[in-house]
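Numbering (the working numbering), first residue to last: 6 to 112. Beta carbons are placed, not taken as given, at the ideal position from N, Cα and C, and that holds for glycine. One structure is given below, encoded as structure tokens.
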């Protein structure tokens, strides 16, 4: 299975603990292509259908549905959790993801 940065995969996130986002849901691949090619894990950002506006959540329309990319719940998962490639997100959303991650993680 080929996995590229900013692809969206249906991913199985269970089991979870506490307030972690659960169930099978679309997730954006955040990890870079070189990592995706050689390592058995990927970094993902889950997508949810309902949320309140928050600086680390990006509103998005994907596959005809409104939702949110939740960058405050970025996590590493094994590739075995990736069930199906659903497509790629829009370039404007990619720019927003990069800007928010930079703000979150870089001084």
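Cβ neighbour criterion (16 or more within 10 Å) applied to residue i
i          : result
residue 76 : buried
residue 19 : exposed
residue 37 : exposed
residue 50 : buried
Three-state secondary structure (DSSP) of residue i
i           : result
residue 39  : helix
residue 77  : helix
residue 110 : helix
residue 99  : helix
residue 8   : coil
Residues sharing a beta bridge with residue i, DSSP
i          : result
residue 23 : According to DSSP, residue 23 bridges with nothing at all.
residue 66 : 71
Span separating the alpha-carbon of residue i from that of residue j
i          : j          : result
residue 42 : residue 6  : 10 Å
residue 47 : residue 91 : 16 Å
residue 69 : residue 94 : 12 Å
Proximity test, residue i beta-carbon vs the ligand MN heavy atom, cut-off 7 Å
i          : result
residue 41 : Because no ligand of any kind appears in the structure shown, any question about the ligand MN cannot be addressed here.
| message | Under 8 Å, with one C-beta from each stretch per pair, do the region 53-61 and the region 86-104 reach the 3-pair mark? | response | no
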